[in-house]
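See below for the structure under consideration.
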Amino acid sequence: QINVRDVNDHAPVFTQYPFTADVPAYTQPGHNLVRVEAQDADQGTNAEVVYSFVNQPPGNKFRINPNTGIVTASASLAAEAGKLFHLEVLARDKGNPPRSASGLVEVRVGDAAEGAARLRFQNASYAVSLAENAPVGREVVQVAAVRTDGRRQRISYSLGAGNEAGTFAIDAVTGVVTVRKPRLLDYERRPRARLVVVAQAGGPAPAPASASAPAPGPGPGPGVDAAPAPATLYGYAELVVHLQDQNDNAPRFTQPQYTATVWEGNNKGTFVIQVSATDADQDANARVLYHIVDGNHDNAFVIEPPFSGLVKTNIVLNREIRDAYRLTVIATDEGRPQLTGTATLRISIVDTNDNQPTF
């Protein structure tokens, strides 16, 4: 019996970004505001998640239950009418070592006239396809947001959660998202990227256009902070980038050299050995065909069918004519362009007592 132990190879992922709560100013201590949730694809304790604030909320007005993720008011919010709070939340699993992710809770207090306005993207979610070999500077998508009250105001754009490695960049003025680090685009490692795009009107400007926002929480100031004035508005949209597989992996044989033996005199079509190669790409880029390209004297062997890797005799072998073969076998995928892997196969012919003594 073989027991496979789970490795903590997945970080928690928040189910949305940000979590939002609109609460009245008369909210009293102990009132539940919102429940955050992060999911972990591991098993057992590696998938158990605990929650905490990255920094202590201003005035200790909020608390979070580490087990349930429920955010509650810990003080009266009567004096906070019209204010916007950004609470950066950390979800950490119980693996060893633990993995974590940052999320954001946006709490709007009261119904002040300025605070009622929001920024809204033309699409709540953008989904685009991108080749995994896209070069630096390749445009991915252009996003745009407007104020819900119709007023015109300069809007700046930045990237939040999901772009911690800086794979993508966004122009703060135009909203054009581009590839910043193409080496990080790898379909086999991460076929889909989920990013949060942040729109901001008023308040301090976001990160420069040439870089992404370094922190997942895009609120005004690092970590947990309250907006300095209700005039600072935020909007959020999800950007899902689906990478398209490119034929960038050649087939690899399970071993560089194979050896086999076969008796002389066996019928044509006798099984000798099966060679095998794998390709890390997908679909046609990963389908492999096998061929013998060198050393196959007298066309003695054949791989049939070509996708099987099954090496068979193609003639009746005679050790007295040739006692060994050294074949070069290739595995070729069906991508464009095709890529090839190579292995050698040494076949020894075993003698049978098929000759009488002669004087």
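Sequential numbering of the sequence shown, starting at 1, is according to UniProt numbering.
From the three backbone atoms N, C-alpha and C, an ideal C-beta is built for every residue, glycine too.
Tell me whether the stretch 70-88 and the stretch 29-41 touch, counting them as touching only if at least three CB pairs, one residue from each stretch, are closer than 8 Å. yes
Can the beta-carbon of I347 be found closer than 7 Å to that of Y325? yes
Compare the Cα-Cα distances from L65 to each of A79, E80, V49, S76 and report the closest residue. What sits at residue 65 in the sequence shown is Asn, not Leu. Comparing Cα-Cα distances from N65 to each of A79, E80, V49, S76, the minimum goes to V49.
With a 10 Å radius around its C-beta and 16 neighbouring C-beta atoms as the bar for buried, classify S158 as buried or exposed. buried
Evaluate G242 with the Cβ neighbour count: other Cβ atoms within 10 Å of its Cβ, from every protein chain shown; 16 or more gives buried, anything less gives exposed. The sequence given here has His at residue 242, not Gly. Counting Cβ neighbours within 10 Å, H242 comes out exposed, since fewer than 16 surround it.
Among K94, V177, E106, the one whose alpha carbon lies nearest that of E88: E106
The beta strand (DSSP E) with T344 in it runs from where to where? 340-350
Can you tell me whether D22 is helix, strand or coil according to DSSP? strand
Is A286 helix, strand or coil when you go by DSSP? helix
Pairs of beta-carbons, one from the stretch 251-258 and one from the stretch 291-306, closer than 8 Å: are there three or more? no
When you compare each of A172, G166, V176, A117 to R183 by their alpha carbons, which one comes out closest? G166
Bridge-paired residues (DSSP) for V241: V128, A193
Ranges of the alpha helix (DSSP H) found wholly within the stretch 58-123, counting only runs of at least 4: 113-116
Cβ neighbour criterion (16 or more within 10 Å) applied to I321: exposed
Which one or two residues does DSSP pair with E139 in a beta bridge? T178
Just list the alpha helix (DSSP H) runs in the stretch 284-331, keeping only unbroken ones of 4 residues or longer that don't cross its boundaries, in chain order. none
With DSSP collapsed to three states, give me the class of residue 360. Residue 360 lies beyond the residue range present for the chain, which begins at 1 and ends at 359; the question has no answer from this structure.
Let me make sure I understand the geometry here. Which of G265, A124, E164 has the alpha-carbon closest to that of I349? G265
With 16 as the cutoff for other CB atoms within 10 Å, does P357 come out buried or exposed? exposed
Could you spell out where the beta strand (DSSP E) holding Y157 opens and where it closes? 156-159
Nearest neighbour of residue 360, chosen from F19, Q142, V7 [CA to CA]: Look at the range of the chain in this structure, 1 to 359, and you will see that residue 360 is not part of it.
Count the other CB atoms within 10 Å of the CB of I315; is the residue buried (16 or more) or exposed (fewer)? exposed
Have a look at D22, S308, R92, P24 and flag the residue whose alpha-carbon is nearest the alpha-carbon of Q39. R92
Spatially closest choice to V143 from Y234, I170, T232, by CA coordinates: I170
When DSSP labels each residue in this structure, what does A201 get in the three-state scheme? strand
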